[in-house]
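Residue numbers (UniProt numbering): 1 to 259.
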DNA sequence: AATACTGTTACGGT
DNA sequence: AACCGTAACAGTAT
């Protein structure tokens, strides 16, 4: 379910409960998407202390003392649950038990969420990293003739932006989602970059403020245009909906089209 | 009861 | 080769 701000909030709350704890056991319930044997995973991670949890794009990376990393991707519908004694969740992918008695289950009714041992390094920069800057964005956009929304969702270009936040980002930058990448003028590229950083950072703050202990679920009630209940943007313009690729795009006439 | 739905990959076609 | 659109995954949340 989650996008970058949700995952950022989850990361925060997972660390709050699990940082420096020893991983007692890890059990795989659904190994369809797991590339290594369960035993390999267990011997790499069990007994190790959790050093930190990073968010890399839409993945969470549990970094352990011995350098091994447990990667998690929640995909569309994955959820994390804390449990005390026994995990009672349906659709469990894997369970982790920590030294302080806290259990963590990752579930997905679709079976698409997945874990990985030592996930491959990503080539694209994370949307909130310093490597994702004006220079990078300008260079990549100049090479592309696709629509800007598609670019923002492309995890080979920038990590962490999903369908919902792409719409709010483009509205905030006043750029039409159908604008062609290499036709967007320099000043607007700059506006786009600051919109990305601003929208994503603000969303994390809002999520944590209203749901201080969140590790799953969605908070989307503050979204500016990507919200089925809204008729108008904050500027009072009618919100248009465009369906394509099974995902919806919400936008208004306030957004300039470059083509 | 009705409606909307956040990610990614595989596939066929252009 | 690059790119595009669609289906599939199988339900959940309100």
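For glycine and all other residues, C-beta sits at the position ideal for the given N, C-alpha and C.
- With a cutoff of 8 Å on beta-carbon distance, residue 173 and residue 192 are scored as near each other.
- The shortest C-alpha to C-alpha distance from residue 203 to any of 220, 190, 189 is the one to 220.
- In this chain, the alpha helix (DSSP H) harbouring residue 189 covers 186-210.
- The straight-line gap separating the alpha-carbon atoms of residue 253 and residue 183 is approximately 18 Å.
- Bridge pairing for residue 252: absent [DSSP].
- Per DSSP, residue 109 is not a residue of any beta strand (DSSP E), being assigned neither H nor E.
- Assignment of residue 139 by DSSP, reduced to helix, strand and coil, places it in the helix class.
- With a cutoff of 8 Å on beta-carbon distance, residue 41 and residue 117 are scored as near each other.
- Secondary structure of residue 91 (DSSP, three-state): coil.
- Listed in chain order, the alpha helix (DSSP H) runs fully inside the stretch 17-96 are 38-45, counting runs of at least 4 residues.
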